[in-house]
Amino acid sequence: MTTSTVSSTRPAGTPSAADARASADPRPGSEVLDRVPLLALLAPLLLFAHGIVAWVDGLTGLDRPDALQGLQGLGGVGGLGGLGVVVSARQQGALTVTAGILLVGAAGGFAWLTMALGRKLRHLPVAAPAALLAAFGAGATAAASLGHAFGLLGPNLPAALTWGGPVLTAVALGLVLVALTLEARLPVGSLALAALAAGVLLLPWGLVPLGALLLLIALAPLTRASA
Numbered sequence: 000m001t002t003s004t005v006s007s008t009r010p011a012g013t014p015s016a017a018d019a020r021a022s023a024d025p026r027p028g029s030e031v032l033d034r035v036p037l038l039a040l041l042a043p044l045l046l047f048a049h050g051i052v053a054w055v056d057g058l059t060g061l062d063r064p065d066a067l068q069g070l071q072g073l074g075g076v077g078g079l080g081g082l083g084v085v086v087s088a089r090q091q092g093a094l095t096v097t098a099g100i101l102l103v104g105a106a107g108g109f110a111w112l113t114m115a116l117g118r119k120l121r122h123l124p125v126a127a128p129a130a131l132l133a134a135f136g137a138g139a140t141a142a143a144s145l146g147h148a149f150g151l152l153g154p155n156l157p158a159a160l161t162w163g164g165p166v167l168t169a170v171a172l173g174l175v176l177v178a179l180t181l182e183a184r185l186p187v188g189s190l191a192l193a194a195l196a197a198g199v200l201l202l203p204w205g206l207v208p209l210g211a212l213l214l215l216i217a218l219a220p221l222t223r224a225s226a
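Each step along the sequence shown adds one to the number in numbering that gives the first Met the number 0, with nothing skipped, and position 13 is 12.
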């Protein structure tokens, strides 16, 4: 009686079962998706810090004289040439400059988060327009905030220029969050809380820290996500 033996070796170049499972889910852009938990935590915290610094700066600004009064004898900030930016930043105060930098950092963080979350969408094609909108909003925020902080722009900017950039970034992030919710990748409660946070941020009562905390809670599921 003879027994036939079946060779357990497979031909060269034949993929194994583990290789097939690994190639079934290539997960394009996973190196960016790994940053989602950090961005979902960092961006609201930067916004919270901006709200606190801006609130303190508003209190101290009540006793601060006009920043341009001391420069009248020099022909204003523009008469100082390249030193005008440095002098204007000192006249604005460290808190004003810090608040502007924090706002730019928060807008950049939310824009980056929008782009990273857009890569997670599988069905709704909103990643590209949301990324463009978020990038434009972050750039507008940087131009307005830093221009005001360093005296490159006037003190009385139109509301559209002051809040246009953050609003565009928020709209882009909201668009991606809605798409994630429709794809059942984000709880509906998180989307509702994010909408509430947006409403709080729009109120003219200086409630930016509260809105940032609400947004941090709304994005909590993303901070626990592994991909």
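Every residue, glycine too, gets a C-beta built ideally from N, C-alpha and C.
None of these values were measured; they are calculated from a predicted model.
Give me the Cα-Cα distance between Leu112 and Leu58, rounded to the nearest whole angstrom.
Residue numbering aside, residue 112 sits at position 113 when the sequence shown is read from its first letter. Residue numbering aside, residue 58 sits at position 59 when the sequence shown is read from its first letter. Cα to Cα, the separation comes out at about 32 Å.
Counting only beta-carbon separations shorter than 7 Å, does Ala193 have a partner in chain D?
The chain labelled as chain D is not found in the depicted structure, where only one protein chain is given.
Does DSSP classify Val125 as helix, strand or coil?
Here residue 125 refers to the residue found at position 126 of the sequence shown. Residue state, collapsed to three classes: coil.
My understanding is that Ala193 touches Gly173, with C-beta atoms under 8 Å, so please give their C-beta distance in whole angstroms.
Locating residue 193 in the sequence shown gives position 194, counting from the first residue. Locating residue 173 in the sequence shown gives position 174, counting from the first residue. Going by Cβ atoms, the distance from Ala193 to Gly173 rounds to 7 Å, so yes, they are a contact pair.
Residues in the same chain with beta-carbon distance under 7 Å from Leu213, minus the five sequence neighbours each way, listed in chain order, please.
Locating residue 213 in the sequence shown gives position 214, counting from the first residue. Hits under 7 Å: Leu192, Leu195, Ala196, Val199.
For the alpha helix (DSSP H) containing Ala211, list its first residue and its last residue.
In the sequence shown, counting from the first residue as 1, residue 211 sits at position 212. Run containing Ala211: 207-217, per the alpha helix (DSSP H) assignment.
In whole angstroms, what separates the C-alpha of Gly163 from that of Ala171?
Your numbering for residue 163 matches position 164 in the sequence shown. Your numbering for residue 171 matches position 172 in the sequence shown. Using only the alpha carbons, I get a separation of about 12 Å.
Using the beta-carbon count (16 or more within 10 Å), is Gly99 buried or exposed?
Along the sequence shown, one-based indexing puts residue 99 at 100. Flag for Gly99 reads buried.
For my contact list, Leu120 and Ala127 are in at a C-beta cut-off of 8 Å; report their separation, rounded to the angstrom.
Taking the sequence shown and counting its residues from 1, one reaches residue 120 at position 121. Taking the sequence shown and counting its residues from 1, one reaches residue 127 at position 128. About 10 Å separates the two Cβ atoms, so there is no contact after all.
Same chain, Cβ closer than 7 Å to Gly108, neighbours up to 5 away in sequence not counted
Counting from 1 along the sequence shown, the entry for residue 108 is found at position 109. Excluding positions up to five away in sequence, the list reads Leu38, Leu41, Ala42, Leu45.
Please say whether Thr161 and Ala143 have beta carbons closer to each other than 7 Å?
Your numbering for residue 143 matches position 144 in the sequence shown. Your numbering for residue 161 matches position 162 in the sequence shown. Yes, they are a contact pair.
Identify whether Gly92 lies in helix, strand or coil by the three-state DSSP scheme.
Counting from one through the sequence shown, the residue named residue 92 turns up at place 93. Coil, per DSSP.
In terms of residues, what are the limits of the alpha helix (DSSP H) holding Pro203?
Numbered from its first residue, the sequence shown carries residue 203 at position 204. It is not in any alpha helix (DSSP H) - Pro203 carries neither H nor E in the DSSP assignment.
I need the straight-line Cα distance from Leu176 to Met114, nearest angstrom please.
Translated into the one-based positions of the sequence shown, residue 176 becomes position 177. Translated into the one-based positions of the sequence shown, residue 114 becomes position 115. Roughly 11 Å separates the two Cα atoms.
Can you list, in chain order, the residues of its chain whose CB lies under 8 Å from that of Gly146, leaving out five sequence neighbours each side?
Taking the first residue of the sequence shown as position 1, residue 146 is located at position 147. Once the five neighbours on either side are set aside, the close Cβ partners of Gly146 are Leu152.
Does the distance from the C-beta atom of Gly117 to that of Ala129 stay below 7 Å?
Here residue 117 refers to the residue found at position 118 of the sequence shown. Here residue 129 refers to the residue found at position 130 of the sequence shown. The Cβ atoms of Gly117 and Ala129 lie closer than 7 Å to each other.
Could you check which residue in Ala53, His122, Val103, Gly104 has the C-alpha nearest to that of Thr180?
On the sequence shown, position 181 is the one that residue 180 refers to. It is His122 whose Cα lies nearest to the Cα of Thr180.
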